[in-house]
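K.L.:
Residue 31 in UniProt numbering is what sits at position 31 of the sequence shown, and the numbering runs on without skipping anything. C-beta: ideal position from N, C-alpha, C; glycine also. From a predicted model like this one, the values you see are computed outputs, not experimental measurements.
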Amino acid sequence: MATSLVRIRVVSVARRDTLYPLISSFGCRLCSSVPEDKVKRPGFIKRYLVDTTLGIINSSSSRLEKAYPTVFQIYKTFKTGLSGFTQDSREYYNVSTELWSGRSLRELSRAQLEILRQVPKDFIKIIPVLVVSFLPGGSGAFPIAYVFPRQLLSHHFWTEQQCHDFWRRDLKHRLEHLQFILDNMYLMSRHISDTDMEDKIVKIVRKLQHSVHPTVTEVLEIQPLFSSSPYNLERLSIAYARHLGKLNKMSLRKKWLKHDAMLLHYADLAMEREGIENMTDFEMERACFWRGLNPVGLPKRERIQYLRQWADISRFVDEHSVSMLLHLPLLFAFCQPTNRELMGGWKYRIRRQLHRSSGSSSSM
Numbered sequence: 001m002a003t004s005l006v007r008i009r010v011v012s013v014a015r016r017d018t019l020y021p022l023i024s025s026f027g028c029r030l031c032s033s034v035p036e037d038k039v040k041r042p043g044f045i046k047r048y049l050v051d052t053t054l055g056i057i058n059s060s061s062s063r064l065e066k067a068y069p070t071v072f073q074i075y076k077t078f079k080t081g082l083s084g085f086t087q088d089s090r091e092y093y094n095v096s097t098e099l100w101s102g103r104s105l106r107e108l109s110r111a112q113l114e115i116l117r118q119v120p121k122d123f124i125k126i127i128p129v130l131v132v133s134f135l136p137g138g139s140g141a142f143p144i145a146y147v148f149p150r151q152l153l154s155h156h157f158w159t160e161q162q163c164h165d166f167w168r169r170d171l172k173h174r175l176e177h178l179q180f181i182l183d184n185m186y187l188m189s190r191h192i193s194d195t196d197m198e199d200k201i202v203k204i205v206r207k208l209q210h211s212v213h214p215t216v217t218e219v220l221e222i223q224p225l226f227s228s229s230p231y232n233l234e235r236l237s238i239a240y241a242r243h244l245g246k247l248n249k250m251s252l253r254k255k256w257l258k259h260d261a262m263l264l265h266y267a268d269l270a271m272e273r274e275g276i277e278n279m280t281d282f283e284m285e286r287a288c289f290w291r292g293l294n295p296v297g298l299p300k301r302e303r304i305q306y307l308r309q310w311a312d313i314s315r316f317v318d319e320h321s322v323s324m325l326l327h328l329p330l331l332f333a334f335c336q337p338t339n340r341e342l343m344g345g346w347k348y349r350i351r352r353q354l355h356r357s358s359g360s361s362s363s364m
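As structure tokens, this is what we get:
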């Protein structure tokens, strides 16, 4: 009985935002003699009845929130999440339609490009839950999904704290691929015919091994190595490309990995065009996580600096050198203290020292 009462009251609260116009318009159509394209102001009695009804609903929602806080919080989260998911899905459809009509990715805003990247992943998660929930007897789908929000729900249904926790956990797994990429960058440098270029890439690798990031100028100097051999995306081994895809949370197939990287490139251009400083704190955090940096604990100034480095590099990237963009989490975030914390802190430094020692002994 109590469960039924809660369900009835939740439905009542869900409809309170639309109840006033419904009652008012119905009363006007029933009692008004004015033309259909005009609406007569409701009388005192009608206004009193509507206001009283809304007052009862509002007080009921307050009692419900106090009596069943968990149920009410789940309801509010579901309502907000479903609204956000619907809005993003609608925007995704509109943007896709514009692209099919010939609009360029370069013309899209940063928010549109992020939706274009994220919504397909959200569909994979949330659509099965929505389908099951609307089937007969499927009302338990969402309560079960709330037990496993990271696996079964999109970010629209997460709290801000859950976003931070899930994104940090996800980034931790992504950063595990950094060491493989760093080792292979060094090994492949031996096949560079240009001695000057070889020295530059080896210098950058040595810097990273000693916990120092290269500058934007140093990275731009080695761009030709990403436009052709050996670091061009088409020249990389399947294993190397898969590690790049996992590091950047992109497709593991080279064809789609290039497409995802170009989407990130256009998002960088839009981010710089619209102003990095104009982003909200949440948008800035999401942008940092997307680009391989754990922003939790970093001051806003350092977040802006990191994103600006990305934009400075991305400005000179094209479809031939887009592989360089995929290496930026290594070049600019490998030694970040917040990332080192995710990788294990002092335990990671010990493992890395042992790895370097074994590597140097094997080369001898």
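#1: Spatial neighbours of arginine 106 within its chain, please: C-beta separation below 8 angstroms, excluding the five flanking residues on both sides.
#2: Can you tell me where the alpha helix (DSSP H) with arginine 235 in it begins and where it stops?
#3: Any chance you could list the beta strand (DSSP E) runs of at least 3 consecutive residues sitting entirely within the region 188-230, in chain order?
#4: Run through DSSP, which three-state label would proline 136 get?
#5: Taking all protein chains shown into account, do 16 or more other C-beta atoms lie within 10 angstroms of the C-beta of alanine 239, making it buried, or fewer, making it exposed?
#6: Can you name, in chain order, every residue of its own chain whose Cβ lies under 6 angstroms from the Cβ of histidine 243, other than the five neighbours on each side?
#7: Count the other C-beta atoms from every protein chain shown that fall within 10 angstroms of the C-beta of aspartate 194, then say buried if there are 16 or more, exposed otherwise.
#8: Contact defined as beta carbons within less than 8 angstroms: I believe methionine 188 pairs with tyrosine 231. What is the distance between those atoms, to the nearest angstrom?
#9: So the candidates are Tyr186, Glu283 and Lys249; which of them puts its Cα closest to the Cα of aspartate 170?
#10: Between aspartate 318 and proline 136, what straight-line distance do the alpha-carbon atoms span, to the nearest angstrom?
#11: Can you tell which of Ile313, Cys288 and Asp312 has its C-alpha closest to the C-alpha of glutamate 302?
#12: Would you kindly check if the distance between the Cβ of arginine 168 and the Cβ of asparagine 339 is under 8 angstroms?
#13: Taking the alpha-carbon positions, what's the isoleucine 144 to leucine 153 distance?
#14: Give me the residue from Glu277, Pro337, Leu263 and Met271 with the minimum Cα distance to valine 296.
#15: If we ignore side chains and look at the alpha-carbon of each, how far apart do aspartate 122 and isoleucine 192 end up?
#16: Leaving out the 5 sequence neighbours to the left and right, which residues in its chain are closer than 7 angstroms to serine 89 when beta-carbon positions are compared?
#17: Could you pull out every residue in the same chain whose Cβ sits closer than 7 angstroms to the Cβ of leucine 175, ignoring the five residues on either side in sequence?
#18: Measuring CA to CA, which of Phe85, Met324 and Gly81 is closest to valine 216?
#19: Exposed or buried, which one is threonine 77 when buried takes at least 16 other CB atoms within 10 Å?
#20: Please look up how many angstroms separate the CB atoms of leucine 331 and histidine 213, rounded, as I've assumed it's under 8 angstroms.
#21: Whose C-alpha, out of Ser139, Gly138, Glu91 and His320, is nearest the C-alpha of leucine 116?
#22: Leaving out the 5 sequence neighbours to the left and right, which residues in its chain are closer than 7 angstroms to serine 227 when beta-carbon positions are compared?
#23: Tell me which same chain residues have a C-beta within less than 7 angstroms of the C-beta of tryptophan 158, skipping the five on either side of it?
#24: Could you tell me the distance, in whole angstroms, from the CA atom of glutamine 87 to the CA atom of tyrosine 93?
#25: Helix, strand or coil: how does DSSP classify aspartate 170 here?
#26: With 16 other CB atoms within 10 Å as the buried threshold, where does phenylalanine 85 fall?
#27: With a threshold of 6 angstroms on Cβ separation, who are the neighbours of lysine 246 within its own chain once the five nearest residues in sequence on each side are excluded?
#28: Suppose the cutoff is 8 angstroms on Cβ atoms and the five residues either side in sequence are ignored; what does the same chain contact list for leucine 208 look like?
#29: Can you confirm whether arginine 273, when its beta carbon is compared against all beta carbons of chain D, has any partner nearer than 8 angstroms?
#30: Would you tell me roughly how many angstroms separate the C-alpha atoms of glutamate 218 and lysine 200, rounded to the nearest one?
#31: Return the first residue and the last residue of the alpha helix (DSSP H) that proline 329 is part of.
#32: Could you name the residues of the same chain whose beta carbon sits closer than 7 angstroms to that of arginine 235, not counting the 5 residues immediately before and after it, in chain order?
#33: Check valine 129 in the structure and name its three-state DSSP category.
#34: Excluding the 5 residues preceding and the 5 following glutamate 272 in the sequence, name in chain order all residues of the same chain whose CB lies nearer than 6 angstroms to its CB.
#35: Where isoleucine 124 and leucine 82 are concerned, what is the direct C-alpha to C-alpha distance, given to the nearest angstrom?
#36: Between leucine 257 and leucine 233, how many whole angstroms is the CB-CB distance? I'm expecting something under 8 angstroms.
P.N.:
By the coordinates alone:
#1: For arginine 106, where only same-chain residues beyond five positions count, the Cβ hits under 8 angstroms are Tyr266 and Leu269.
#2: Counting along the chain, arginine 235 falls outside any alpha helix (DSSP H), and DSSP gives it neither H nor E.
#3: Correct list: empty.
#4: DSSP places proline 136 in coil when its eight states are reduced to three.
#5: With fewer than 16 Cβ atoms within 10 Å of its Cβ, alanine 239 is classed as exposed.
#6: Result list for histidine 243: His177, Phe180 and Ile181, in chain order.
#7: Label assigned to aspartate 194: exposed.
#8: Indeed, because the Cβ distance is near 7 angstroms, the residues count as touching under 8 angstroms.
#9: Comparing Cα-Cα distances from aspartate 170 to each of Tyr186, Glu283 and Lys249, the minimum goes to Lys249.
#10: Each residue's Cα considered, the two are about 51 angstroms apart.
#11: Out of Ile313, Cys288 and Asp312, Cys288 has the C-alpha closest to the C-alpha of glutamate 302.
#12: The Cβ atoms of asparagine 339 and arginine 168 lie no closer than 8 angstroms to each other.
#13: One C-alpha to the other measures close to 10 angstroms.
#14: The residue among Glu277, Pro337, Leu263 and Met271 with its C-alpha nearest the C-alpha of valine 296 is Pro337.
#15: Per the coordinates, the alpha-carbon of aspartate 122 lies some 42 angstroms from the alpha-carbon of isoleucine 192.
#16: Sequence-distant Cβ neighbours of serine 89 in its own chain, meaning closer than 7 angstroms and more than five residues away, are Val119.
#17: Here the set comprises Asn339, Leu342 and Met343.
#18: Closest in C-alpha terms to valine 216, from the list Phe85, Met324 and Gly81, comes Met324.
#19: Label assigned to threonine 77: buried.
#20: Correct: roughly 7 angstroms between the Cβ atoms.
#21: When only C-alpha atoms are compared, the closest one is Glu91.
#22: Cβ neighbours of serine 227 within its own chain (closer than 7 angstroms, five residues either side excluded): His320 and Ser321.
#23: Hits under 7 angstroms: Pro149 and Phe166.
#24: Note on geometry: alpha-carbon atoms of glutamine 87 and tyrosine 93 lie some 10 angstroms from one another.
#25: Looking at aspartate 170 - three-state DSSP - the assignment turns out to be helix.
#26: By the beta-carbon neighbour count (other beta carbons within 10 angstroms, threshold 16), phenylalanine 85 is buried.
#27: So the qualifying residues of the chain are His177.
#28: Within the same chain, and ignoring the five residues on either side of leucine 208 in sequence, the residues whose Cβ sits closer than 8 angstroms to its Cβ are Leu182, Pro214, Leu330, Leu331, Phe334 and Cys335.
#29: Absence of chain D from the displayed structure is noted, only one protein chain being present.
#30: Taking the straight line from one Cα to the other gives about 8 angstroms.
#31: First-last of the alpha helix (DSSP H) with proline 329: 328-333.
#32: So the list reads Ser229, once near-sequence residues are dropped.
#33: Reduced to three states, the DSSP call for valine 129 is helix.
#34: The beta carbon of glutamate 272 sits closer than 6 angstroms to the beta carbons of Ala311 from its chain, once the five residues preceding and following it are set aside; these are given in chain order.
#35: So the two alpha carbons sit approximately 15 angstroms from each other.
#36: So it is a contact: roughly 7 angstroms between Cβ atoms.
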